[in-house]
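Sequential numbering of the sequence shown, starting at 3, is according to my numbering. Where is the CB? At the ideal position from N, CA and C, for every residue including glycine.
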Amino acid sequence: MDSEMYFLILFGIFRIVPKPTPKRHPVSTSPIPSDLQPQVARAIVREVGLRDGLQSIARVLPTAQKIEWVNAAYAAGQREIEVGSFVPARMLPQLADTAEVLAHAQTLPGLRASVLVPNLKGAERALECGAHLMVVPLSASHAHSLANLRKTPDEVVAEVARIRAARDAAGSATLIEGGVGTAFGCTLQGEVAESEVLRLMQALLDAGADRVSLADTVGFADPASVQRLFAKARALVGDRLACAHFHDTRGMGLANAYAAWQTGITRFDACLAGIGGCPHAPGASGNVTTEDLEYMLQRMGVATGVDVPALLALRHRVAGWLAGEVLHGALWQAGLPRHTPLHLAAAAV
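Here is the structure:
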């Protein structure tokens with residue numbers, strides 16, 4: 003019967019046929035087209051501890067320690083750092099050495115060093131120093147704007163137009179980011195209408211800002227309101243909405259960051275050890291903790307380029323410099339989960 007065989011098993015006859023040899027197709031060595039390659043989700047966490055964090059702490063950190071902070075953050079993989087603010091030293095002595103810290107940050111290849119500037123005078127200093135980016139704060143809350151900047155929101159928009167004119171006249175490549183704060187309300191005024199936030203955001207761009215960001219300055223936001231506002235904002239200005247800034251005042255900072263991520267936001271502000279706040283916003287506690295946000299994103303499979311164990315080591319050093327200050331962070335308290343890649347990386351250090 004050729005190669006066929008028959009077996010009588012109980013009540014049935016089963017025919018066993020040799021398995022045919024499968025066809026072998028040559029393996030292509032051509033590269034996979036870029037549009038067919040798996041896309042790795044990526045995000046940027048901009049460290050704002052040296053500005054937003056330190057401005058809320060009475061202690062003046064020595065310039066040498068700030069530079070050490072920048073160096074360690076850079077070594078850990080952070081590539082966007084807000085190093086200070088150009089404001090009068092009498093108002094914020096903690097940030098009086100911003101020019102020196104910025105000058106050092108600019109020596110590190112690939113590091114984008116930004117500064118906060120509240121007005122044209124501060125912007126002129128940023129332009130002189132060649133900052134990569136200057137953030138101009140605008141409060142959507144009229145009451146907070148008057149308390150913080152002594153200007154109405156629309157007066158800040160007019161100031162941005164003057165800053166843009168100065169930037170263009172100088173032939174500078176420094177980017178201008180309009181930071182819309184109190185976007186979800188504030189303790190001085192209460193709620194702020196979404197329509198007002200969107201109006202001011204568009205006004206900043208029309209005045210000459212290159213991009214905008216949205217901030218929950220006092221921790222009023224929740225994930226649902228974040229998704230709603232950020233979705234509307236992205237529909238209005240697209241990728242020119244460049245960053246999300248959340249405070250963890252009521253424990254919803256990470257949840258809010260995740261909600262913004264779901265709308266397409268890929269850049270977030272955060273502070274090492276969750277320090278920070280706003281001198282003119284009663285009840286505004288620390289920013290989202292950098293190490294917690296980095297951990298969440300990386301556990302989600304989002305590439306950030308940051309070494310979390312190295313970041314935790316930096317946090318330990320900063321905690322020593324700020325002994326006695328209230329620091330935050332769940333990852334610092336609980337530690338990295340054992341037998342995970344991040345934990346093994348930490349053990350190898």
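Would you please state the rounded distance, in angstroms, between the beta carbons of residue i and residue j? I believe it to be under 8 Å.
i: Glu293; j: Leu324; result: No, Glu293 and Leu324 are not in contact; Cβ-Cβ is about 15 Å, not under 8 Å.
i: Ala105; j: Cys131; result: 7 Å
i: Val307; j: Gly79; result: Here residue 307 turns out to be Gly, not Val, going by the sequence shown. Indeed they touch by this definition, with Cβ atoms about 5 Å apart.
i: Leu97; j: Leu56; result: 7 Å
i: Thr184; j: Val239; result: Not confirmed; about 19 Å, so no contact.
i: Phe232; j: Leu216; result: 7 Å
i: Ala244; j: Glu179; result: 7 Å
i: Val47; j: Glu296; result: 6 Å
i: Val159; j: Gly124; result: Not quite, the Cβ-Cβ distance comes to about 16 Å (not below 8 Å), so this is no contact.
i: Gln229; j: Ala261; result: 5 Å
i: Ala305; j: Arg44; result: 5 Å
Using a Cβ-Cβ cutoff of less than 8 Å, which residues in the same chain neighbour residue i once the five nearest sequence positions on both sides are dropped?
i: Arg114; result: Arg81, Glu82, Ile83, His134, Leu135
i: Glu161; result: Asn121, Leu122, Val138, Lys153
i: Val199; result: Ala142, Val182, Ala185, Leu216, Leu231, Ala235
i: Val85; result: Leu52, Arg53, Lys68, Val72, Thr100, Val103, Leu104, Ala107, Ala115, Ser116, Val117
i: Leu316; result: Trp71, Ala74, Ala75, Ala78, Leu274
i: Glu327; result: Ile59, Arg61, Ile277
List the DSSP bridge partners of residue i.
i: Gly180; result: Val138, Val214
i: Thr291; result: Cys273
i: Gly192; result: Cys188
i: Cys245; result: Ser215
i: Val47; result: Phe270
i: Val117; result: Gly86, Met136
i: Ala305; result: Arg44
Go through its chain and collect everything with a Cβ distance to residue i's Cβ below 7 Å, but skip five positions before and after it.
i: Thr65; result: Asp99, Glu102, Val103
i: Gly266; result: Arg236
i: Gly112; result: Arg81
i: Gln191; result: Ser143, His144, Ala145, His146
i: Arg242; result: Leu207, Arg213, Val214
i: Leu329; result: Ala275, Gly276, Ile277, Ala321
i: Ala163; result: Ala209, Gly210
i: Arg169; result: Leu129, Thr176, Ile178
Should residue i be labelled buried (16 or more other beta-carbon atoms within 10 Å of its own) or exposed?
i: Ser197; result: exposed
i: Thr109; result: exposed
i: Val42; result: exposed
i: Pro155; result: buried
i: Met93; result: exposed
i: Ala167; result: exposed
i: Glu193; result: exposed
i: Val62; result: exposed
i: Met203; result: buried
i: Ala195; result: exposed
i: Arg302; result: One detail in the question is off: residue 302 reads as Met in this sequence, not Arg. It is exposed - the Cβ of Met302 has fewer than 16 other Cβ atoms within 10 Å.
i: Asp309; result: buried
i: Val119; result: buried
i: Glu49; result: buried
i: Arg340; result: exposed
i: Ala246; result: buried
i: Gly331; result: buried
i: Ala226; result: exposed
i: Gly187; result: buried
i: Ala223; result: buried
i: Ala60; result: exposed
i: Ala205; result: buried
Might you give, ordered along the chain, the residues of its own chain that have their beta carbon closer than 6 Å to the beta carbon of residue i, omitting 5 neighbours on each side?
i: Leu177; result: Leu135, Asp212
i: Phe248; result: Asp218, Gly255, Asn258, Ala259, Val290
i: Ile34; result: Summary for Ile34: the model assigns pLDDT 43, below 50, so the residue's position carries little reliability; its value from the coordinates is reported in the next sentence. The answer is none, since no qualifying residue turns up.
i: Leu333; result: Glu293, Asp294, Tyr297
i: Arg127; result: Phe88
i: Ser268; result: The residue you asked about is not Ser; residue 268 is Thr in the sequence shown. Around Thr268: Ala45.
i: Ala172; result: Leu129
i: Trp263; result: none
i: Ser174; result: Leu129
i: Met3; result: Any reading at Met3 must be qualified, since the residue scores a pLDDT of 45, below 50, and its modelled position is unreliable; the value itself is stated next. Nothing listed; no residue qualifies.
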